[in-house]
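Protein chains: 2
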Amino acid sequence: MATISRQVQLTSRPSGVPTPSNFAIVSVTLPQLGDGEVEVRNKFMSLDPSMRLLMREQAFHAPVYALNTPMSGRAVGEVVRSRSADFKPGDIVLSNHGWREGFVSPATDLQKAQLVPSLPIQSLLSAASIRGFTAYAGMMRIAALRPGDVVFVSAAAGTVGSIACQIAKIKGHTVIGSAGGPAKVAFLKEIGVDHVIDYKAEPDFGAALRKAAPNGFDVFFDNVGGSQLDAAFQVANNSARFALCGTIAGFNQDELIPLYHSNLTIVKRLRMEGFVVWDHQDLFPEYMRELSGWAASGKFKSKESIEVGLENAPAAYGKLFSGESIGATLVKLD
Amino acid sequence: MATISRQVQLTSRPSGVPTPSNFAIVSVTLPQLGDGEVEVRNKFMSLDPSMRLLMREQAFHAPVYALNTPMSGRAVGEVVRSRSADFKPGDIVLSNHGWREGFVSPATDLQKAQLVPSLPIQSLLSAASIRGFTAYAGMMRIAALRPGDVVFVSAAAGTVGSIACQIAKIKGHTVIGSAGGPAKVAFLKEIGVDHVIDYKAEPDFGAALRKAAPNGFDVFFDNVGGSQLDAAFQVANNSARFALCGTIAGFNQDELIPLYHSNLTIVKRLRMEGFVVWDHQDLFPEYMRELSGWAASGKFKSKESIEVGLENAPAAYGKLFSGESIGATLVKLD
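Order-wise, the sequence lines are chains A and B. The letter at position 152 of the first sequence is residue 152 when you use our numbering, and the numbering goes up by one with no holes. Counting the second sequence from 1 gives a position; our numbering is that position plus 1000.
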């Protein structure tokens, strides 16, 4: 009754954008179930830009990935065998045991998934996940959206960004989004973003932002850092609030990206606040209630880019940075 | 009865630190008083680092100084003649008509001074002024001091910095201050700063800050920007609050100073807020009450560096940036 499961291991630390040569696909035989253990077959796993930070030699915020061991990452799967009273075959569960087709783990590693009725199961790794909630916490608590705010979202076609844009639109705001390439631009227009900046088509991002926001903006939800953040200082209205969520611009390079215009923080009375979603979990039930309502009424679109097959995960990971994927990038495993 | 008054005019826009060659001393005959006008003899004028921004071709926050006209700046003086019902000879008044020995202006340009009983008259341009209040507003409202906070103040021996340090000490905090040179270090120790960093004596500011704040800090009151701000990102505790008040590091250069470590804002959940004191005037009466109490009880020391004579103002201005002046730099005019 032993199950063979394939997993992805990091075999070398990437320089720049990760390529398949940094990874290996390894087949393992899953162990027999011990007491309190559960066997799960993953259905979807998540590919997150921030995983790139864990591929480095060291990271500020978390232990990095060890080489030649299975990598961690969010996954949704189905229980196939259980020696825990808390789970039975057929249960849909969330775990951090992504990058593998199946696994055996203590029941305590698993979380029962709460499906949002109008959204597909994979939304448990996008809108209906901590990543969607990141957009909500950043918009509602850190930026503290107020009526009339004009909102700028960077990496607007990404998982967090596209949900941030939709939340701001549902709340009645004018939204400016930046993204790279015509497919993302089309997607952002489809979800109602008012002004889309294709940063790849703009020689001068600051000028493009100024044109997209002729009267400035009041809230910046930043997933990028670097030159987009630097331009934002220059175009922001007085007293604008910057919710700093991510710095994807710097993930693939070892050199730090300089900012030149942060001095404008003073004359413009800007408030910048970095946040980590785990500090704001008290808001999660409120988000899930709001999301369920938006999804049921058709106001909210869940968007994922789905690759099929574990063997394609390493190549798909690189696409996160080449700008080919829209919304959450997931790998379908079953 | 005409009065001859000397004034300082900017004759060329400085490159780097201003020198006397950028200024001229010009004698003018004050006009006769018109209805509602007042003649004032200045007693002290203020030399502010931020005036340097107004010596540029353009500034973000205010009109720059025109060449070959009297410059503006805070001054305290005494009314010598009045054709306004609101002022009589002998009144002590505040104005923006600094950089000159005397002037005639509409009474509406003047503000009656409220002396703090235990402080000298020149404190109207330092502790008992909008500059002292800048320290208070930044500490109490922007940084929002909480019990137990460890506080780091840059340019700690300057007008705003030295008052910020004293406020934090009076409120019971551990205070780390940066300043340049042994005289400033001695002054900061005298006013009770717990750990003083002489940035001129430290090859690696970040290492010095880490040593002065082995357990990090919770509040940064920044008057400097540049490399001190960059180091602060690295040493700050999680959830530290940065009250950004000034960027003296960049005043004398046209190139913008890059920041490399602002990405730490996210993982450390830092909150940075720039502020301009004029937005917080509602707190001013509270500050004056607190200051009066501190001064009366001897808890608070007013500190000014005083030059004598208008003709010495241009050279004294440059000293603001060479690190020779402690506390507010004033010129005594009468």
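C-beta atoms are modelled at their ideal positions from N, C-alpha and C, and glycine is treated no differently.
Beta carbon of residue i nearer than 7 Å to that of residue j
i                            : j                            : result
valine 1153 of chain B       : cysteine 1165 of chain B     : yes
phenylalanine 284 of chain A : phenylalanine 133 of chain A : yes
glycine 77 of chain A        : lysine 43 of chain A         : yes
glutamate 1311 of chain B    : isoleucine 1025 of chain B   : yes
histidine 261 of chain A     : glutamine 234 of chain A     : yes
alanine 1295 of chain B      : serine 1118 of chain B       : yes
leucine 125 of chain A       : arginine 74 of chain A       : yes
glycine 1181 of chain B      : glycine 1318 of chain B      : no
valine 224 of chain A        : isoleucine 257 of chain A    : no
alanine 1157 of chain B      : lysine 1184 of chain B       : yes
valine 1104 of chain B       : leucine 1030 of chain B      : yes
valine 277 of chain A        : alanine 137 of chain A       : yes
glycine 246 of chain A       : threonine 1265 of chain B    : no
glutamine 122 of chain A     : glutamate 255 of chain A     : no
isoleucine 1197 of chain B   : serine 1178 of chain B       : yes
proline 314 of chain A       : proline 14 of chain A        : no
alanine 1236 of chain B      : lysine 1211 of chain B       : no
arginine 41 of chain A       : proline 70 of chain A        : no
Extent of the continuous beta strand (DSSP E) run through residue i
i                            : result
aspartate 198 of chain A     : 195-198
isoleucine 130 of chain A    : Not the beta strand (DSSP E): isoleucine 130 of chain A falls in the alpha helix (DSSP H), residues 130-137.
leucine 330 of chain A       : 328-332
valine 235 of chain A        : Valine 235 of chain A -> not in any beta strand (DSSP E); alpha helix (DSSP H) instead, spanning 226-235.
glutamate 1290 of chain B    : Careful: glutamate 1290 of chain B lies outside any beta strand (DSSP E), inside the alpha helix (DSSP H) at 1284-1296.
glycine 1016 of chain B      : Element bounds for glycine 1016 of chain B: n/a, residue is neither H nor E.
threonine 29 of chain A      : 23-29
phenylalanine 152 of chain A : 150-153
Per DSSP, the bridge partner or partners of residue i
i                             : result
glutamate 37 of chain A       : A:Pro106
lysine 1112 of chain B        : B:Val1093
alanine 1179 of chain B       : B:Asp1198
isoleucine 1306 of chain B    : B:Leu1330
glutamate 1222 of chain B     : At residue 1222 of chain B the sequence reads aspartate, which differs from the glutamate that was named. The partner list for aspartate 1222 of chain B (beta bridge, DSSP) reads B:Leu1244.
arginine 1081 of chain B      : B:Glu1039
glycine 274 of chain A        : A:Leu244
serine 5 of chain A           : A:Val28
phenylalanine 1044 of chain B : B:Val1076, B:Lys1332
methionine 1070 of chain B    : Per the sequence shown, residue 1070 of chain B should be read as proline rather than methionine. Paired residues: B:Gln1009.
arginine 100 of chain A       : A:Gln7
leucine 1259 of chain B       : A:Leu259
Residue interval of the alpha helix (DSSP H) (run including residue i)
i                          : result
threonine 159 of chain A   : 159-170
serine 322 of chain A      : 313-322
proline 206 of chain A     : It is worth fixing the name first, because residue 206 of chain A is glycine in this sequence and not proline. Run containing glycine 206 of chain A: 205-212, per the alpha helix (DSSP H) assignment.
methionine 1051 of chain B : 1051-1054
valine 267 of chain A      : 264-267
Cβ-based burial, residue i [other Cβ within 10 Å; buried from 16]
i                            : result
glycine 1161 of chain B      : buried
valine 219 of chain A        : buried
glutamine 1032 of chain B    : exposed
lysine 1200 of chain B       : exposed
glycine 172 of chain A       : exposed
leucine 67 of chain A        : exposed
asparagine 1263 of chain B   : buried
phenylalanine 205 of chain A : buried
phenylalanine 187 of chain A : buried
glutamine 58 of chain A      : exposed
isoleucine 238 of chain A    : One detail in the question is off: residue 238 of chain A reads as asparagine in this sequence, not isoleucine. So asparagine 238 of chain A ends up on the exposed side.
arginine 1271 of chain B     : buried
arginine 1226 of chain B     : Note that residue 1226 of chain B is glycine in the sequence shown, not arginine. Under this definition glycine 1226 of chain B is a buried residue.
proline 1063 of chain B      : exposed
alanine 1002 of chain B      : exposed
proline 203 of chain A       : exposed
lysine 336 of chain A        : In the structure displayed, chain A extends from 1 to 334; residue 336 of chain A sits before or after that span and is not available.
glycine 1016 of chain B      : exposed
valine 93 of chain A         : buried
phenylalanine 23 of chain A  : buried
valine 308 of chain A        : exposed
glutamine 1281 of chain B    : exposed
phenylalanine 60 of chain A  : exposed
Count Cβ pairs between the segment 47-54 of chain A and the segment 81-97 of chain A that sit closer than 8 Å; are there 3 or more? no
Assess contact between the segment 100-110 of chain A and the segment 214-234 of chain A, defined as three or more Cβ pairs (one per stretch) separated by less than 8 Å. Is contact present? no
Sufficient close CB pairs (3 or more, under 8 Å) joining the segment 1030-1039 of chain B to the segment 1324-1334 of chain B: no
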